[in-house]
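**Student:** Residue numbers (this note's numbering): 1357 to 1557. Glycine included, each C-beta is placed from N, C-alpha and C at the ideal position. So that we are looking at the same thing, I have put the structure below in structure tokens.
Now the structure itself:
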């Protein structure tokens, strides 16, 4: 907790004075982010840091491996799906970015069933990546990176399976994009629909 308090004090004495008017505007008018980012919970891949965003610019959902689950209407607790619905239907975001990253432990767990086998809730969540696992070739050392990209594409496809997302995409008011962040080199790859490949920018 001491580190968090020290970080807050640094923020309060540094960034807060510079952003004070921005926070006042957000408090008075509410948030109006244009982009929803669905990212991994990994502490090394923070979207606000990577995209150098200001307060109020991004609506961020983070979970293990940046997974978008299929739309399921039942009595379970669908935190990710609820947040997607809120961003699209209430905040009216115009862009969704699914961002995976290199060295993703969630992807590693999808490739190795023994990882996290005794961790509550984890296996059921990781099993949502099964279609991506099945679609990637077992090419040795490169498979982990291939699955990181394939899992982004799977989440992008699942987004379209939400009716409220599909409707806005058809209307041209919502775009869906995918990316992968390299932790070691800081490179960002964006999925190119034309070439069907991830391209470094």
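Along the chain, where does the beta strand (DSSP E) containing residue 1455 start, and where does it finish?
**Tutor:** Taking the first residue of the chain shown as 1, we reach residue 1455 at position 99. That run of the beta strand (DSSP E) goes 1451-1457.
**Student:** Does residue 1493 come out as helix, strand or coil in the three-state DSSP assignment?
**Tutor:** Working through the chain shown from its first residue, we reach residue 1493 at position 137. If DSSP states are grouped into helix, strand and coil, residue 1493 belongs with coil.
**Student:** Tell me the DSSP secondary structure of residue 1314 in three-state form.
**Tutor:** Because the chain spans 1357 through 1557 in this model, residue 1314 falls outside it and cannot be assessed.
**Student:** What three-state label does DSSP hand residue 1482 in the structure shown?
**Tutor:** What you label residue 1482 is simply residue 126 of the chain shown in a count that begins at 1. In this structure, residue 1482 counts as helix in the three-state DSSP scheme.
**Student:** Can you tell me where the beta strand (DSSP E) with residue 1534 in it begins and where it stops?
**Tutor:** Position 178 of the chain shown, counting from 1, holds the residue named residue 1534. Its beta strand (DSSP E) spans residues 1531-1537.
**Student:** Quick check: the region 1432-1451 against the region 1475-1482, are there 3 or more CB pairs under 8 Å?
**Tutor:** Flag = no, the region 1432-1451 and the region 1475-1482 do not touch.
**Student:** Comparing C-alpha positions only, which one of 1434, 1378, 1424 sits nearest to residue 1411?
**Tutor:** Residue numbering aside, residue 1411 sits at position 55 when the chain shown is read from its first letter. Out of 1434, 1378, 1424, 1378 has the C-alpha closest to the C-alpha of residue 1411.
**Student:** With C-beta atoms as the reference, is residue 1526 less than 9 Å away from residue 1424?
**Tutor:** Numbered from 1 along the chain shown, position 170 holds the residue referred to as residue 1526. Numbered from 1 along the chain shown, position 68 holds the residue referred to as residue 1424. The answer is no: Cβ separation not under 9 Å.
**Student:** For the alpha helix (DSSP H) containing residue 1466, name the first residue and the last one.
**Tutor:** Along the chain shown, one-based indexing puts residue 1466 at 110. It spans 1461-1467 - the alpha helix (DSSP H) in which residue 1466 sits, taken as one unbroken run.
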